[in-house]
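K.L.:
Each protein sequence line maps, in turn, to chains B and R. In my numbering, each residue carries its 1-based index in the first sequence increased by 26. In my numbering, each residue carries its 1-based index in the second sequence increased by 26. For each residue, glycine too, the CB sits at the ideal point set by N, CA and C. In this text, all values refer to a predicted model and were calculated from it rather than measured experimentally. My structure is below; once you've seen it, I'll send some questions.
Protein chains: 2
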Amino acid sequence: MTQLQRRRIPDAAVTRLPVYLQILNNLHATNVLRFSSDELAVLAGVNAAKVRKDLSYLGSYGTRGVGYEVTYLIHQIKRELGLLREWNVVVIGAGNLGCALAKFGGFAPRGFPVVGIVDNDPKKIGQTTGSLTVGDVRNLGKMVRDLNVTIGAITTSTATAQSAVDALIDAGVASILNFAPIVLATPSSVSVRNVDLGVELQILSYYEQMRTEQSESAKTQTKSSTASV
Amino acid sequence: MTQLQRRRIPDAAVTRLPVYLQILNNLHATNVLRFSSDELAVLAGVNAAKVRKDLSYLGSYGTRGVGYEVTYLIHQIKRELGLLREWNVVVIGAGNLGCALAKFGGFAPRGFPVVGIVDNDPKKIGQTTGSLTVGDVRNLGKMVRDLNVTIGAITTSTATAQSAVDALIDAGVASILNFAPIVLATPSSVSVRNVDLGVELQILSYYEQMRTEQSESAKTQTKSSTASV
DNA sequence: CAGACTTTGTGAAATTCTGCACGAAGGCAT
DNA sequence: ATGCCTTCGTGCAGAATTTCACAAAGTCTG
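Structure follows, in structure tokens:
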């Protein structure tokens with residue numbers, strides 16, 4: 027029972043906590059003070075017991091017979107996810123997507139300021155996008171150190187994505203958001219989250235086809251699946 | 027009892043098949059004819075037994091002692107995922123992201139042509155983006171029927187995302203790619219895939235914080251578990 | 001303050017997913 | 001053909017995740 031070390035939260039629960047946080051922020055914005063696991067479960071589209079178990083990984087912050095306090099739970103989730111501080115982001119690849127991310131102001135207020143953008147194309151280096159100037163990818167190491175970067179977003183072409191991630195890891199960045207449609211080779215100490223619309227569409231295609239075939243065979247069976255990233 | 031119906035593939039496997047397909051397409055492009063489960067496992071960053079089990083859901087298409095044929099497997103995965111036909115996509119919300127998706131030509135060649143884009147803002151309706159003209163969301167039903175749309179991509183503001191998905195479901199669309207940072211309320215017969223960069227960043231934040239704390243404590247602790255996503 | 005009512009927190013069962021281990025099935029060399 | 005080598009396909013056990021079910025702990029009412 028001596029649990030000085032932080033409790034480890036199951037991966038599956040970690041992916042749901044940001045969703046809960048989003049919902050609680052909305053509740054807070056509409057002046058809701060308290061919520062029950064049942065209410066949150068409906069809003070998040072999951073089982074109520076799962077909500078309670080997920081929240082219990084943070085500690086026992088509910089009150090039996092009453093529920094949870096919105097603001098307090100928001101704080102606890104933020105604490106657990108490491109959102110009480112900022113994590114600086116650098117974008118690699120100053121193409122359409124990279125520049126859009128750099129210009130988009132929506133990440134800084136959520137704690138993920140984009141503090142730099144780099145490319146390997148001499149024609150792009152030096153151009154400005156939003157409030158940032160595109161740097162040379164060869165100076166990535168210095169940039170990471172000077173600007174205290176912890177997260178790298180890869181928006182390069184597929185062909186250069188692997189060298190981009192190698193450069194990031196070299197520079198000491200261990201959290202990567204990858205937009206290139208490729209599986210990156212990384213040591214297991216590095217976290218990678220892939221965002222690939224092609225993959226998402228193909229997953230939808232599978233379930234769509236299942237439905238199509240099912241309604242064509244016009245019989246019993248109504249099994250469906252909903253998936254979230 | 028009678029198993030005329032298609033084998034049901036586990037959800038976890040369905041999400042990996044598109045990744046395998048991607049890799050096999052690359053192998054094909056570099057004139058590789060055959061591959062073993064081991065080779066694909068390395069490229070996909072997963073266990074070889076998992077690869078074999080995943081592929082076995084398609085049928086027994088490997089040759090013992092030899093491996094799998096690249097082109098044949100590509101075809102089988104496409105068949106299973108429903109990628110031998112096209113699935114038409116409509117974009118709801120003609121903002122930055124919506125227009126970018128409409129203009130981006132990368133989906134049509136992969137079997138997901140964007141055939142329409144709509145908005146509810148009179149100022150946007152009638153404008154052209156790429157080869158498409160922004161339609162009125164009130165005509166969504168007709169558009170879905172006339173253009174045989176099966177997938178809807180929601181790129182509206184958070185505030186209008188729910189009414190957008192309601193309209194899609196009304197129109198008979200049951201596969202939804204949602205970019206709005208909100209959990210959509212949908213019947214269980216509808217498939218939803220969420221793409222939310224904020225959620226992804228927050229997940230990365232959790233594991234980054236775990237690493238940070240671990241390297242800071244870097245003492246006395248006997249139990250050290252490595253976190254990898 | 002007692003009893004009815006609500007909702008949490010969590011063991012335990014059920015389900016899903018993963019990975020090992022090995023028999024089966026092919027190729028290849030002699 | 002025979003025997004060796006490689007690699008698939010899969011049964012099974014263990015891990016992870018989800019769900020159930022209920023005691024515990026609180027509120028509320030009269």
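1) How about R/V45 and B/V216: do their beta carbons lie closer than 8 Å?
2) State yes or no: is the C-beta of R/A48 within less than 8 Å of the C-beta of B/P207?
3) What is the DSSP secondary structure of R/R237, counted as helix, strand or coil?
4) Identify whether B/T252 lies in helix, strand or coil by the three-state DSSP scheme.
5) Pick from R/M236, R/I35, R/E226: whose alpha carbon is nearest that of B/F133?
6) Of the choices B/N57, B/T56, B/L50, whose alpha-carbon is the least far from that of B/S63?
7) Looking at chain R, which residues of the region 163 to 181 of chain B have a Cβ within less than 8 Å of any of its Cβ atoms?
8) Note the first and the last residue of the continuous beta strand (DSSP E) segment covering R/I151.
9) Candidates R/G108, R/A67, R/R60, R/G88: which alpha carbon is nearest B/Q235's?
10) Can you check DSSP and say which residues form a bridge with R/D196?
11) R/R34 to R/S201, Cα distance in whole Å?
12) Along the region 218 to 235 of chain B, what residues have a CB closer than 9 Å to any CB found in chain R?
13) For the region 76 to 146 of chain B, list the alpha helix (DSSP H) runs that are entirely contained and at least 4 residues long, ordered along the chain.
14) Can you tell me which residues form a DSSP beta bridge with B/A67?
15) Short check: CB of R/A193 to CB of R/V163, under 8 Å?
16) Would you say B/V96 faces chain R, with C-beta separation under 8 Å as the test?
17) Taking Cβ positions only, does R/G93 come closer than 8 Å to chain B?
18) Quick one: using the 10 Å Cβ neighbour count with 16 as the cut-off for buried, is B/E242 buried or exposed?
19) For B/V115 and R/G152, I'd like the C-alpha separation in whole angstroms.
20) What is the DSSP secondary structure of R/N165, counted as helix, strand or coil?
21) With a Cβ-Cβ cutoff of 8 Å, do B/G137 and B/I180 count as a contact?
22) Applying the criterion that 16 or more other CB atoms from any shown protein chain within 10 Å of the CB defines a buried residue, is B/L198 buried or exposed?
23) Since I believe R/E95 is in contact with R/L59 (beta carbons under 8 Å), could you give me their beta-carbon distance rounded to a whole number of angstroms?
24) Restricting to Cα atoms, I'd like to know which of R/V72, R/E65, R/T159 is closest to B/P213.
25) Any beta carbon of chain R sitting closer than 8 Å to that of B/L107?
26) Between B/K168 and R/Q228, what straight-line distance do the alpha-carbon atoms span, to the nearest angstrom?
27) Going by DSSP, what residue range makes up the beta strand (DSSP E) through R/V175?
28) Helix, strand or coil for B/R34? Go by DSSP, reduced to three states.
29) Please return the same chain residues whose Cβ sits closer than 6 Å to the Cβ of B/S250, not counting the five positions on each side in sequence.
P.N.:
Here's the rundown:
1) no
2) The displayed chain sequence assigns Gln, not Ala, to residue 48 of chain R. Cβ distance < 8 Å, so R/Q48 and B/P207 count as in contact.
3) helix
4) At B/T252, the pLDDT of 36 sits below 50, so the modelled position is not reliable and the matter cannot be decided from this model.
5) R/E226
6) B/L50
7) Legend: CB atoms of the region 163 to 181 of chain B lying less than 8 Å from CB atoms of chain R belong to residues T176, I177.
8) Run containing R/I151: none; DSSP gives neither H nor E here.
9) Comparing alpha-carbon positions, the option among R/G108, R/A67, R/R60, R/G88 lying closest to B/Q235 turns out to be R/G108.
10) Paired residues: none, contrary to the question.
11) 18 Å
12) V218, R219, N220, V221, D222, L223, G224, V225, E226, L227, Q228, I229, L230, S231, Y232, Y233, E234, Q235
13) 96 to 107, 122 to 129
14) None, per the DSSP bridge assignment.
15) Contact annotation: R/A193 and R/V163 have beta-carbon atoms nearer than 8 Å.
16) no
17) no
18) Classification of B/E242: exposed, given that the 10 Å Cβ count is below 16.
19) 38 Å
20) helix
21) Between B/G137 and B/I180, the C-beta spacing is not below 8 Å.
22) Sequence check: residue 198 of chain B is Gly here, not Leu. Answer is exposed; the Cβ neighbour count stays below 16.
23) Sure, about 7 Å apart at Cβ, within 8 Å.
24) R/V72
25) yes
26) Computed Cα separation, rounded: 25 Å.
27) 175 to 180
28) coil
29) In this prediction, B/S250 has a pLDDT of 34, which is less than 50 and means its spatial position is unreliable; what the coordinates show is noted afterwards. Taken in chain order, the list of residues that qualify is empty.
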